[in-house]
Amino acid sequence: MTDAAKTGHESENDALRVLEALLFASPQPLGIKELALEFEEGVDVAQLIEQLQQIYQPRGVHLVETGGGFAFRTAVDLAPMLTKYKKVQKKLSKVALETLAIIAYHQPVTRAEIEDVRGVQISKGTLDVLLETGWVKMRGRRRAPGRPITYGTTELFLSQFGMARISDLPGLGELKGAGLLDGALPPGFEVPVPSDDDALRADEEPLFSEEELAAEAELGAEEDPLRYKSDEDEI
Amino acid sequence: MTDAAKTGHESENDALRVLEALLFASPQPLGIKELALEFEEGVDVAQLIEQLQQIYQPRGVHLVETGGGFAFRTAVDLAPMLTKYKKVQKKLSKVALETLAIIAYHQPVTRAEIEDVRGVQISKGTLDVLLETGWVKMRGRRRAPGRPITYGTTELFLSQFGMARISDLPGLGELKGAGLLDGALPPGFEVPVPSDDDALRADEEPLFSEEELAAEAELGAEEDPLRYKSDEDEI
Amino acid sequence: MTNKPTSTASDEEWEADMPTTQDEEVLLVDLDGFEGPLDLLLALCRAKKIDLAKLSIAELATQYIHYIENLKKHRFEIAADYLVMAAWLVFLKSKLLLPKAEEAGDEPSGSLLAAQLAFRLKRLDAMRQKGKELMALPQLDQEFFTNGMPQGISVVVQPTYKAELYELLKAYAGQRERQNQQYGYKVKKREVWSIKKARDRLSAMLGISIEWAPINDLIALFLQGEDMQKTTVASTFGATLEMARDGLIELRQSGHFTPLYVKTLDAGNDQPKERGQKPANDRMEGRGDD
Numbered sequence: 007m008t009d010a011a012k013t014g015h016e017s018e019n020d021a022l023r024v025l026e027a028l029l030f031a032s033p034q035p036l037g038i039k040e041l042a043l044e045f046e047e048g049v050d051v052a053q054l055i056e057q058l059q060q061i062y063q064p065r066g067v068h069l070v071e072t073g074g075g076f077a078f079r080t081a082v083d084l085a086p087m088l089t090k091y092k093k094v095q096k097k098l099s100k101v102a103l104e105t106l107a108i109i110a111y112h113q114p115v116t117r118a119e120i121e122d123v124r125g126v127q128i129s130k131g132t133l134d135v136l137l138e139t140g141w142v143k144m145r146g147r148r149r150a151p152g153r154p155i156t157y158g159t160t161e162l163f164l165s166q167f168g169m170a171r172i173s174d175l176p177g178l179g180e181l182k183g184a185g186l187l188d189g190a191l192p193p194g195f196e197v198p199v200p201s202d203d204d205a206l207r208a209d210e211e212p213l214f215s216e217e218e219l220a221a222e223a224e225l226g227a228e229e230d231p232l233r234y235k236s237d238e239d240e241i
Numbered sequence: 007m008t009d010a011a012k013t014g015h016e017s018e019n020d021a022l023r024v025l026e027a028l029l030f031a032s033p034q035p036l037g038i039k040e041l042a043l044e045f046e047e048g049v050d051v052a053q054l055i056e057q058l059q060q061i062y063q064p065r066g067v068h069l070v071e072t073g074g075g076f077a078f079r080t081a082v083d084l085a086p087m088l089t090k091y092k093k094v095q096k097k098l099s100k101v102a103l104e105t106l107a108i109i110a111y112h113q114p115v116t117r118a119e120i121e122d123v124r125g126v127q128i129s130k131g132t133l134d135v136l137l138e139t140g141w142v143k144m145r146g147r148r149r150a151p152g153r154p155i156t157y158g159t160t161e162l163f164l165s166q167f168g169m170a171r172i173s174d175l176p177g178l179g180e181l182k183g184a185g186l187l188d189g190a191l192p193p194g195f196e197v198p199v200p201s202d203d204d205a206l207r208a209d210e211e212p213l214f215s216e217e218e219l220a221a222e223a224e225l226g227a228e229e230d231p232l233r234y235k236s237d238e239d240e241i
Numbered sequence: 004m005t006n007k008p009t010s011t012a013s014d015e016e017w018e019a020d021m022p023t024t025q026d027e028e029v030l031l032v033d034l035d036g037f038e039g040p041l042d043l044l045l046a047l048c049r050a051k052k053i054d055l056a057k058l059s060i061a062e063l064a065t066q067y068i069h070y071i072e073n074l075k076k077h078r079f080e081i082a083a084d085y086l087v088m089a090a091w092l093v094f095l096k097s098k099l100l101l102p103k104a105e106e107a108g109d110e111p112s113g114s115l116l117a118a119q120l121a122f123r124l125k126r127l128d129a130m131r132q133k134g135k136e137l138m139a140l141p142q143l144d145q146e147f148f149t150n151g152m153p154q155g156i157s158v159v160v161q162p163t164y165k166a167e168l169y170e171l172l173k174a175y176a177g178q179r180e181r182q183n184q185q186y187g188y189k190v191k192k193r194e195v196w197s198i199k200k201a202r203d204r205l206s207a208m209l210g211i212s213i214e215w216a217p218i219n220d221l222i223a224l225f226l227q228g229e230d231m232q233k234t235t236v237a238s239t240f241g242a243t244l245e246m247a248r249d250g251l252i253e254l255r256q257s258g259h260f261t262p263l264y265v266k267t268l269d270a271g272n273d274q275p276k277e278r279g280q281k282p283a284n285d286r287m288e289g290r291g292d293d
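Below is the structure:
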């Protein structure tokens, strides 16, 4: 440790306490950027998080990276002792599960592409069920004839399955190596990697075009949630 | 420490981890009796809780007894750090704007006097909003029956509207020149020359008499809405 | 079954494994549950323990065709896409048997088609596997838990207000004008000079004795504004008539529309106010006498 670090010991401990309290109090995972807003400039939040993770590592509660940020979670090995907190979970059908996996590993992916993987059509209900779980969202549209909607996973998906990011999907590297994530054939050319990055890809466009948004705005501002928000600001 | 305690060290740590996770995940505070159900007989839950409290004592999260049980809570001293201030830009309503203008030109002015100029009553909410903007303040009280509060503008008002001093507010001629006032005004129509001098005028007295201040100090400052408002200004 | 693909070993396995009636029934019962031909192909692989990693499409095609033919034998209704797949597999098998040279130039080779099918089977199988693996992961609110009582980070909304000086001035001018119009209406009523008022004013002036002075000069002071002028002149004229009748003044006019001259008759020592009031009373009485 440098001298500077030593003299900064107390304030560092204060910062750790604040970080701990913030993460503890927040109902959602907090990202580093979000957290950094709470500290003075120059405070290395990432480093503080690492410290906190180490402090909690042997404890019954862990600080994990999940779903777009960091959050405290009970240690997985204690699951048998915590069964009374289990929430009833709606079981996904075989089809829904398969579709979820396809979306997770192939995102951004259109319905036609999902159907290509499955070799059959999927019913609208299947996607609805997945959208309802909050694990899947409509991302945008593919720049292709018909402008089909592209689907991807959400931050809720990550936090549900305890993943920090989509690259934590089990066996992802293996699938990639086997060329199984490539939609085009023959295998072994370019291997795309699934991405739930909110930024649309080159072959994607926003869900609604500007004209569509304008048309909606004309339909009545009250019915448009986005428009409503900006109105609110002016009150 | 006894030998038994030493050999039981590992299991004690396990018990602590379980206790920690149970308390963390619980949707309500857990009492000792309730907690004891989760452990084998003979486990001294009260003692475990005490240990856990000590572990957390220097941290940003504390284990506190609350609502008939124990629960983790953020450290009280960190409360200010856990409050986020979100700035929302709002536009003043027409009524508020008009009232503000009257206060600016006619200050120090009482509510009844504002209503007299406007020809309509104003709601308390309007004055509250203006006080919230920080552009208007309570100056004192009029030496008149009922001792009504007099309102005036603040320095923030000047900087908001880009004036060096309140006398920069345009007078009758300038308002006419800008086309804001009709030329056909009755004789005797005047626009007052405003003054926001902090010194109370001859017909004003302080907001609180000395007896009132003394009485309030006894009651406790937190319950006083006027006092609260001035606190807000300081945030 | 005469066209034997390359992997004879597995084929023998298949022959040896040739579905007993029992196996057949299991698959038959399951047909409704299959999600299309790919699903059926995968199920066949699994049932026949065919390794997807070393998949021989020719071998699988044989089994699929055999299976579908078996179904047809039992006169089951078979969905069209299963039949399409069967037909395609027959085509694929024949392509695979053709020597490379004989393949038409533009068409994809049999081996490429086979690789495509193998890829799709492997991919579907992998996705199924991953779906299961996903669900096997520890999950939130199942195996790990979040803070049961998150205190939340309280958000204090701090409104910042916006207003422009111009808006402020416009608001001020606007309401002053509005309010003034209201007053203006009331004031107009008051702006009428009553005859009594005119008479009071006149009496006050006549406190000093006047020798034939033009009335217009006397009231010039009060002639402000056009509106006032009319009412003042009218009421003053009325008042002079009254006062003349009461014998307080004398009036003289040389012709139509020429100035009206006034002369005091009784320049007494009474205070103007009293004079003003007293004659008024007299007037009332006088009227009563009329």
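Protein chains in written order, with the working numbering: chain A, 7 to 241; chain B, 7 to 241; chain C, 4 to 293.
A virtual CB, placed ideally from N, CA and C, is assigned to each residue, including glycine.
The structure presented is a predicted model; accordingly, all values stated were derived computationally and were not measured.
Excluding sequence positions up to five before and after G37/B, its CB lies within less than 7 Å of the CB of G74, G75, all in the same chain and listed in chain order. Annotation note: the segment 106-179 of chain B contains the following uninterrupted alpha helix (DSSP H) runs of length 4 or greater, listed N- to C-terminal: 117-124, 130-139, 161-166. With 16 or more other CB atoms across the displayed protein chains lying within 10 angstroms of its CB, W141/A is buried.
Where T65/C is concerned, the enclosing alpha helix (DSSP H) starts and stops at 60-76. For the segment 79-93 of chain C, the beta-carbon criterion of a distance under 7 Å to any beta-carbon of chain A is satisfied by none of its residues.
The segment 91-102 of chain C and the segment 56-73 of chain A do not touch, with fewer than 3 CB-CB distances between them shorter than 8 Å.
The three-state reading of DSSP puts P86/A in helix, counting H, G and I together. At a cut-off of 8 Å between beta carbons, T149/C contacts chain A.
Between the alpha carbons of A85/B and S215/B lies a gap of roughly 35 Å.
Distances from the CA of L178/B to each of D134/B, R171/B, G194/B were compared; the closest alpha carbon is that of G194/B. Scanning A118/C, L124/C, S112/C, D84/C for the CA closest to the CA of R49/C turns up L124/C. In the DSSP annotation of this structure, the continuous segment of the alpha helix (DSSP H) that includes R131/C starts and ends at 113-139. An exposed status is given to W215/C, since fewer than 16 other beta-carbon atoms sit within 10 Å of its beta-carbon.
A61/C has its alpha-carbon roughly 8 Å from the corresponding atom of L92/C. Rounded to the nearest whole angstrom, the C-alpha separation of Q127/A and F37/C is 13 Å. The C-alpha of F167/A is placed about 27 Å away from the C-alpha of L22/A.
When secondary structure is reduced to three states using DSSP, R202/C falls in the helix class. Excluding the 5 residues flanking it on each side, I252/C has same chain C-beta neighbours closer than 7 Å at L209, T243, M246, V265, K266, T267, L268, in chain order. A166/C is bridged by DSSP to nothing; it lacks a bridge partner. Counting C-beta atoms within 10 angstroms of its own C-beta, R145/B has 16 or more neighbours from the protein chains shown and is therefore classed as buried.
Taking 9 Å as the upper bound on Cβ-Cβ separation, chain B lies near no residue of the segment 96-115 of chain A.
For the options L162/B, D20/B, T105/B, G125/B, the alpha carbon positioned closest to that of V135/B is the one of T105/B. Judged by pairs of C-beta atoms under 8 Å, the segment 141-150 of chain C does not touch the segment 199-218 of chain A, as fewer than three such pairs exist. Counting the other Cβ atoms within 10 Å of the Cβ of Q34/B gives fewer than 16, which makes it exposed. Rounded to whole angstroms, A117/C and I71/C show a C-alpha spacing of 19 Å. Proximity to A205/A across L164/A, G158/A, A110/A peaks at G158/A, based on C-alpha coordinates. DSSP places A216/C in the strand class (E or B) of the three-state scheme. The shortest CA-to-CA distance from P162/C to any of A27/B, E44/B, D50/B, L98/B is the one to L98/B. Scanning L127/C, Y67/C, L95/C, D128/C for the CA closest to the CA of S112/C turns up L95/C.
The Cβ of L28/A sits closer than 8 Å to at least one Cβ of chain B. A straight-line Cα-Cα distance of about 43 Å links T132/A and K96/B.
For E71/B, the closest Cβ of chain A is not nearer than 8 Å.
Annotation: the continuous alpha helix (DSSP H) that includes G39/C extends over 39-50. The Cβ neighbour count for N183/C, taken over all protein chains shown within 10 Å, is at least 16; the residue is labelled buried. Residue state for E196/B is assigned as coil, using DSSP reduced to three classes.
Contact between T156/B and R148/B holds: CB atoms are separated by about 5 Å, below the 8 Å threshold.
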